[in-house]
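In the numbering used here, the protein residues as written are 194 to 567. Ideal placement from N, C-alpha and C gives every residue a C-beta, glycine not left out.
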Amino acid sequence: MKLTYKFNNDEKRLDIERLDYLSPLDTEIYVREGDTIYVKDGDYLYINQLIKESTSGIKTYATISGTVELKDGIIKVINDKSDSSFVSEEAVSKIDEVKKEEIIKRCESLGIDYENKLIVNKLKGNSRLLIVNAMDVEPYQFNNNYLFQDNVSILLDTISLISKRFNIDAYLLLNKYDDNNVNAVKKVIRNYSDINLKVIEDVFPFNTNQLVVKKFFKEYKYDDILFLDTFALYKIFYAIKNGLPVSERYITVNLGDPNKAYVIKTKYGANVGEMIKETIKVDFIDKDIYLNNFMRKVKCDNLDSLIVTDNIKSVFIFPKEDILPSKCIKCGKCVDICPVGINPLAKKLDSACIRCGLCNYVCPANINLISKEK
């Protein structure tokens, strides 16, 4: 896929290659204190089978079929490659027949993750507006773009259903640089009179939720808005339609090439290092590895120790640079570039900070202004 992209006023056409890593050798789940475990060593698991539940109600399900190995606080599922799976009795033929109470019940009973629990609480409350931010709000990350492109119709159907059942106005936000998705939505949006399409021309970080509200929805308090990104919306669709959790997700991988990126479709619990080595055929020797937003300078020292969770959205693998931070030269670049107008050099970081990382990006002294001690 070719995608027009703009970041830091640099507009270019990127080549984004889609890859699949849907049959890992195994998946791993970490056991936390207080978790209720529903499997034991040697058990056979089917895809979608419940494995464990945390004290907060977050549930973890099998994403591959195979045999359980339980050791040292890790539940490992050894893939038998059969893709044997449970089928939910809760599946429905048409999602537009599902009522409000059933939507809440299905999302709540799956207890998919922390994000979904927040969503359920919002659905139970009195949100005044639904905003589906289908933009990728991190630079050089394309997960939402691909997920939306693969599922345009069902995602629009889900937005429409939530808008009707919860009696709230709905807005779908796309970036004009997500041109494939903008064109796809414009072809069918006339069939969705209850969805307002807003094409945003601003680029990172002005496509983040906080700044979108400040610029386009000033009449609403931030807490009055139910925000969903594309993946959260997709999880809700899956819960409503199939009565099941989502077992797969997209992860962006960038090797430092400004003209090329990869989006890998993979399984929860897969090893991140193995996934990248098997699909892109790259090693990590003499590389600096950053997670999710390279400007925040969150380094990963051992990619082979990571498994795929909702917290892993993108991986940046750059040639190693031994650049050490130096003393601040008081140039003021971090203050000038801050999109919310705060002083990153203050002793205590202002609560308005959106952790975009732009201050880190422009700092000539290479100081990590977000994570440094205040």
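- By the C-beta criterion, the region 244-255 is judged not to be in contact with the region 205-213, since fewer than 3 inter-stretch pairs fall below 8 Å.
- It is roughly 17 Å from the alpha-carbon of L562 to the alpha-carbon of P398.
- In the DSSP annotation of this structure, R489 is not part of any beta strand (DSSP E), being labelled neither H nor E.
- One thing to note: K269 has its Cβ within 8 Å of the Cβ of D219.
- Scanning its chain for C-beta atoms nearer than 8 Å, with the 5 sequence neighbours on each side dropped, one finds around D479 the residues P512, K513, in chain order.
- DSSP places G259 within a strand segment (E or B) once states are collapsed to three.
- Cβ-Cβ distances below 6 Å link E467 to nothing in the same chain once the five nearest sequence neighbours on each side are left out.
- The beta carbon of D497 sits closer than 6 Å to those of G466, all from its chain and outside the five residues before and after it, given in chain order.
- Counting along the chain, S507 sits inside the beta strand (DSSP E) bounded by residues 507-512.
- For K411, there are no CB contacts under 8 Å within the same chain when 5 residues up- and downstream are skipped.
- Residue pairing from DSSP places L243 in a beta bridge opposite Y254.
- Beta-bridge analysis with DSSP links A363 to L323, I388.
- In the structure shown, V396 adopts coil according to DSSP, grouped into three states.
- Here S278 has Y239, I240, N241, S258 as same chain residues with Cβ atoms under 8 Å from its own Cβ, once five neighbours each way along the sequence are excluded.
- In this structure, S440 lies away from K458, with their beta-carbon atoms at least 8 Å apart.
- Within the model, the alpha-carbon separation for K523 versus N553 is close to 14 Å.
- Pairing I516 with C556, the inter-Cα distance amounts to about 12 Å.
- With 16 or more neighbouring CB atoms inside 10 Å of its own CB, V456 falls in the buried class.
- One alpha carbon belongs to T248, the other to R548, and they sit about 29 Å apart.
- Excluding five sequence positions before and after Y431, the CB atoms of its chain that fall closer than 8 Å to its own CB belong to L437, P438, V439, given in chain order.
- By the C-beta criterion, the region 527-546 is judged not to be in contact with the region 481-490, since fewer than 3 inter-stretch pairs fall below 8 Å.
- If one requires a minimum length of 3 residues, the beta strand (DSSP E) runs lying completely within the region 267-303 are 267-272, in chain order.
- DSSP places T248 outside both helix and strand once states are collapsed to three, so it counts as coil.
- The beta carbon of V375 sits closer than 7 Å to the beta carbons of L367, K369, V392 from its chain, once the five residues preceding and following it are set aside; these are given in chain order.
- The way I'd put it, the region 339-354 doesn't touch the region 312-320; fewer than three beta-carbon pairs between them come closer than 8 Å.
- Separation of T502 and L243 (C-alpha to C-alpha, rounded to the nearest whole angstrom) is 16 Å.
- Between the C-alpha atoms of V330 and Y364 there is a straight-line separation of about 17 Å.
- For D481, the closest alpha carbon among the candidates F509, N314, E226, K379 is that of F509.
- DSSP places F424 in the helix class (H, G or I) of the three-state scheme.
- Using a 10 angstroms sphere on the CB of D422, the tally of other CB atoms reaches 16 or more, which defines it as buried.
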